[in-house]
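> To start, I am sharing the structure in question, which I have written as structure tokens.
In the numbering used here, the protein residues as written are 459 to 562.
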């Protein structure tokens, strides 16, 4: 299974007991798909882009790069995870910039 719709279909077809048995068997990807940012039909970053437009989303991503490479990097949770999150937001900035460049 490679995309969200395939997984949604898989889980819709599972019995509740089957899903409960799977809980805790796979560590969540706290960098690319943190569970608290993937609830419902749309990921938080997609919602932010939709609401703030690409310019506002670029500012949001840049703020998160600063957050995850600043003092938080060594004071909260895992520094490696925080560095990876900064890279994720930087990659999202690049994606948005390239998309904007292509549409200009």
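Ideal Cβ positions, reconstructed from N, Cα and C, are used throughout, including at glycine.
Only counting the same chain, and skipping five residues up and downstream in sequence, which positions put a Cβ closer than 7 Å to that of residue 544?
Excluding residues within five positions, the ones whose Cβ falls inside 7 Å are 523, 526, 527.
> May I ask you to report which of helix, strand or coil DSSP gives residue 537?
Reduced to three states, the DSSP call for residue 537 is helix.
> With distances taken between CB atoms, is the gap from residue 554 to residue 507 smaller than 9 Å?
Cβ atoms of residue 554 and residue 507: closer than 9 Å.
> Span of the alpha helix (DSSP H) holding residue 512?
That run of the alpha helix (DSSP H) goes 502-527.
> Residue 530 by DSSP, collapsed to three states: which one?
It is helical.
> Thinking residue 509 and residue 542 are a contact (beta carbons under 8 Å), I'd like their distance in whole angstroms, please.
Going by Cβ atoms, the distance from residue 509 to residue 542 rounds to 25 Å, so no, they are not a contact pair.
> When you compare only the Cα positions, how much space is there between residue 562 and residue 547?
Rounded to the nearest angstrom, the two C-alpha atoms are 22 Å apart.
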